[in-house]
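See structure below.
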Amino acid sequence: QSALTQPASVSGSPGQSITISCTGTSSDVGNYNLVSWYKHCPGKAPKLLIYDVSKRPSGVFDHFSGSKSGNTASLTISGLQADDEADYYCCSYAGSDALVFGGGTKLTVL
Amino acid sequence: QLLLQESGPGLVKPSESLSLICSVSGVSLNSATYYWGWIRQPPGKGLEWIGTMYYSGSTYYNSSLKSRVSISLDTSKNQFSLRLTSVTAADTAVYYCASQGDSYYLFDYWGQGTLVTVSS
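Respectively, the protein sequence lines represent chains P and W. Sequential numbering from 1 applies to the first sequence in our numbering. Sequential numbering from 1001 applies to the second sequence in our numbering.
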């Protein structure tokens, strides 16, 4: 399975909204509504933000939202805050019991 | 709240085996019908799923690592472990253990990760 494609970096100012894309194929992202998103601050445990494309676990604010169109999933962060600065990863089911991650996106809050 | 903590050698010689343990607190591996997984991140690269084990003993591995990897559960110690054989420098990475809850398709709680360097 090939890694999902994410932009290496995105940036935004406090209060703005940003979107991180996660592009796969018709064998993974496009074929299953099983995309999850994670926030990772260096040296810390990654945190689940979104699962099943657009569902939020309890305790995750609606500041984070997920969607999918075709082979591309997206994570949108609304009302950007300084502590949103982190690396973000998507993950998708790829069939045959396989899970595949994206290469990660570094979010900088200007 | 689930807590996971990885432990094991930080340095492994090429061609040897890498063994890591994930200690779990907050749930009993004896009773939780959960999936448990391992993920790694090579320096400067993204995350890579290594494999997953179901409480029943079923295992699922990344096809690129399948011939070298095994995951097992030790319910008496509330731990699960990873073994990767015949390691090379390409296996140098931060290794994370994670809970997948009762859904195979997500990782809901993670450990902080442990760096394993493969070098002579």
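Glycine is no exception: its CB is placed at the ideal position from the N, C-alpha and C atoms.
- For histidine 63(P), there is no enclosing beta strand (DSSP E), as DSSP marks it with neither H nor E.
- Contact between threonine 1033(W) and aspartate 1102(W) holds: CB atoms are separated by about 6 Å, below the 8 Å threshold.
- Residues of the same chain with a CB within less than 8 Å of the CB of glycine 1113(W), apart from the 5 flanking positions on each side, are Glu1006, Gln1041, Val1094, Tyr1095 and Tyr1096 in chain order.
- Residue burial annotation: proline 1043(W) is exposed, with fewer than 16 other C-beta atoms found within 10 angstroms of its C-beta.
- Within the same chain, and ignoring the five residues on either side of threonine 19(P) in sequence, the residues whose Cβ sits closer than 6 Å to its Cβ are Ser74 and Thr76.
- Rounded to the nearest angstrom, the gap between the Cα atoms of proline 7(P) and serine 1076(W) is 44 Å.
- The C-alpha of alanine 86(P) lies about 26 Å from the C-alpha of serine 1023(W).
- Rounded to whole angstroms, asparagine 1078(W) and aspartate 1108(W) show a C-alpha spacing of 18 Å.
- If you check each beta-carbon in the region 1020-1047 of chain W against every beta-carbon of chain P, the ones closer than 9 Å belong to Gly1037, Ile1039, Gln1041, Lys1045, Gly1046 and Leu1047.
- In the structure shown, aspartate 87(P) falls within a strand segment according to DSSP collapsed to helix, strand and coil.
- Pairing proline 1014(W) with threonine 1088(W) gives a Cβ-Cβ distance under 8 Å.
- Leucine 1082(W) sits close to isoleucine 1050(W), with the two beta carbons spaced by under 8 Å.
- Among the CB atoms of chain P, none fall inside 8 Å of the CB of glutamine 1001(W).
- Within the same chain, Cβ atoms closer than 6 Å to the Cβ of cysteine 22(P) are found at Leu4, Gln6, Ala73, Cys90 and Gly102, the five residues on either side in sequence being excluded.
- Around the beta carbon of serine 17(P), a 10 Å sphere encloses fewer than 16 other beta carbons of the protein chains shown; the residue is thus reported as exposed.
- In chain order, Ser36, Leu48 and Tyr51 make up the part of chain P whose C-beta sits under 7 Å from the C-beta of leucine 1106(W).
- Think of a sphere of 8 Å around the beta carbon of lysine 106(P): no beta carbon from chain W falls inside it, the nearest being about 11 Å out.
- If you check each beta-carbon in the region 1046-1066 of chain W against every beta-carbon of chain P, the ones closer than 9 Å belong to Gly1046, Leu1047, Glu1048, Trp1049, Thr1052, Tyr1060, Tyr1061, Asn1062, Ser1063 and Ser1064.
- With respect to the C-alpha of isoleucine 50(P), the residue from Tyr1105(W), Leu1115(W) and Ile1021(W) having the closest C-alpha is Tyr1105(W).
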